[in-house]
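Sequential numbering from 799 applies to the sequence shown in our numbering.
The beta-carbon is built from N, C-alpha and C at its ideal position, and this holds for glycine as well.
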Amino acid sequence: MFQEQLKQDAQRTQACLQAVMHGLHSVPVNAAMHYAVDGGKGLRGFLVQESARLYEIAPEQSVYAAAAVEALHAYSLVHDDLPAMDNDDLRRGRATVHVKWDDATAILAGDALQTLAFELLTWAEIGSANVRLNLVTELARAAGARGMVLGQAQDIAAETAKTPLSLDEITELQGNKTGALIRWSAEAGAIMAERNREPLRQYANALGLAFQIADDILDVEGDAAKTGKRVNKDADAGKATFVSLLGLDGAKTRARDLVAEACDALDGYGDKAANLRQAAEFVIARDS
């Protein structure tokens, strides 16, 4: 059920993004935007739509918020891959945007995707003006200097630090860099329903950390042909990771414990949260 729902939600989100971007001017930038949002699992968009379903909010209403976070996530990948940042040449099994075009086009495409995300959250289909304002406010916090951007800055600083990061420091970094958007995505349904977000926040905090630990494990055990990106990068760069600090077995145990925490946080939703529980299991079982 979960895999089928993930696929359906990803297709719905992609269709929304492609429709919104259709006919935009500046051919290279527009093409790069389409290229950047194409592919991927669509997990963040799924979390938006699935958390909305907990409150009987239809996908036709939540898809704009799902498209917004996927556009913003795509922007972050385009910019993170740039030579001045993580300097990656492979993403989702294809050349990164700056490799396929150039740095300037990649920067502009990322900028355009970021602003598109906030434009999408203003659409009346989502809900009341107050709901839309809350979504915009919370996404700005999650994406900016309190969240994802902070995490990326912490990651860059760690590369030149004299001593490797501690476990607490890595946990904080990844809670910002990866976890902030996952947290917003999982809370989006409660924001749209104007209900208590705390259970979904607890779920998302555990899910986001499990997701990053799984990424660290894939960097050691993964196959580039399946992950769609380079592997063994962290070890080659001498970066501290959950695997380097906990060991491979320890990291796997911690990831499983976090999945259990995530599932426990959903107890109040009963069977309606079955897909969200399966999503937690999925993040540590995936091969990409």
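Practice problem: Please work out which residues of its chain come closer than 8 Å, Cβ to Cβ, to R995, disregarding the five sequence neighbours upstream and downstream, and give them in chain order. | Solution: E985, A988, I989
Quiz item: Rounded C-beta distance between L1043 and I924? I'm assuming under 8 Å.
Solution: Their Cβ separation, rounded to whole angstroms, is 41 Å, which puts L1043 and I924 out of contact at 8 Å.
Quiz item: Once you ignore the five residues that flank L971 on each side, which residues in its own chain have a CB closer than 8 Å to its CB?
Solution: G949, Q952, D953, A956, L963
Quiz item: Between W982, D1069, I1011, D1014, which lies nearest to G843 when the distance is taken from Cα to Cα?
Solution: W982
Quiz item: When we look at the beta-carbon of N974 and count the other beta-carbons within 10 Å, is it buried (16 or more) or exposed?
Solution: buried
Self-check item: Which residues DSSP lists as bridging A893, in chain order
Solution: L888
Practice problem: Label G840 either buried or exposed according to how many other C-beta atoms from any shown protein chain fall within 10 Å of its C-beta, with 16 as the threshold for buried. | Solution: buried
Quiz item: If you draw a straight line from the alpha carbon of H820 to that of N1003, how long is it in whole angstroms?
Solution: 35 Å
Quiz prompt | Sequence-distant residues of its chain with Cβ nearer than 8 Å to R1113 (five each side left out) | solution = Only positions 799 to 1086 of the chain appear in the structure, and residue 1113 is not among them; the question remains open.
Quiz item: How would you call Q847, buried or exposed, if buried means at least 16 neighbouring beta carbons within 10 angstroms?
Solution: buried
Exercise. Rounded to whole angstroms, what's the CA-CA distance from L937 to Y1067? Just pull it up for me.
Key: 24 Å
Quiz prompt | Continuous alpha helix (DSSP H) assignments of at least 4 residues falling wholly in the stretch 968-1033 | solution = 977-991, 996-1019, 1022-1025
Self-check item: Buried versus exposed, by CB contacts within 10 Å (16 or more), H823
Solution: exposed
Quiz item: Taking the alpha-carbon positions, what's the P881 to Y853 distance?
Solution: 43 Å
Practice problem: Could you pull out every residue in the same chain whose Cβ sits closer than 7 Å to the Cβ of Q1000, ignoring the five residues on either side in sequence? | Solution: A1063
Quiz item: Out of curiosity, what's the CA-to-CA distance linking R810 and G838?
Solution: 13 Å
Quiz item: Apart from the five residues on each side of it in sequence, which residues of its chain come closer than 8 Å, Cβ to Cβ, to M883?
Solution: H877, Q950, I954
Exercise. Determine the direct distance from the alpha carbon of A1058 to that of T961, and round the result to whole angstroms.
Key: 32 Å
Practice problem: Taking the CB atoms as reference points, tell me whether A865 and L931 lie closer together than 8 Å. | Solution: no
Quiz item: Which of the three DSSP states, helix, strand or coil, is assigned to M883?
Solution: coil
Quiz item: Between A959, G908, L1007, P826, which lies nearest to S874 when the distance is taken from Cα to Cα?
Solution: G908
Quiz item: If you drop the 5 nearest sequence neighbours on each side, which residues of the same chain put their C-beta closer than 7 Å to that of A871?
Solution: Residue identity check: residue 871 is His in the sequence provided, not Ala. For H871, where only same-chain residues beyond five positions count, the Cβ hits under 7 Å are R842, L979.
Quiz item: If you check the beta carbons only, do S860 and L998 fall under 8 Å apart?
Solution: no
Self-check item: T958 - DSSP class collapsed to helix/strand/coil
Solution: helix
Quiz prompt | Assumed close pair F1009, V1081 - CB separation to whole angstroms, cut-off 8 Å | solution = 5 Å
Quiz item: Who are the near neighbours of T920 in its chain, counting only those whose CB is closer than 8 Å to its CB and skipping five residues on each side?
Solution: R930, V934
Quiz item: Can you tell me the Cα-Cα spacing of D1069 and E858, whole angstroms?
Solution: 22 Å
Quiz prompt | 8 Å CB neighbourhood of V827 in its chain, flanking five on each side removed | solution = T903, L906, A907, A910
Quiz item: Alpha carbon to alpha carbon, what distance is there between T976 and A1049?
Solution: 17 Å
Quiz prompt | For E854, the three-state DSSP class (helix, strand or coil) | solution = coil
Self-check item: N- and C-terminal bounds of the alpha helix (DSSP H) containing H832
Solution: 825-835
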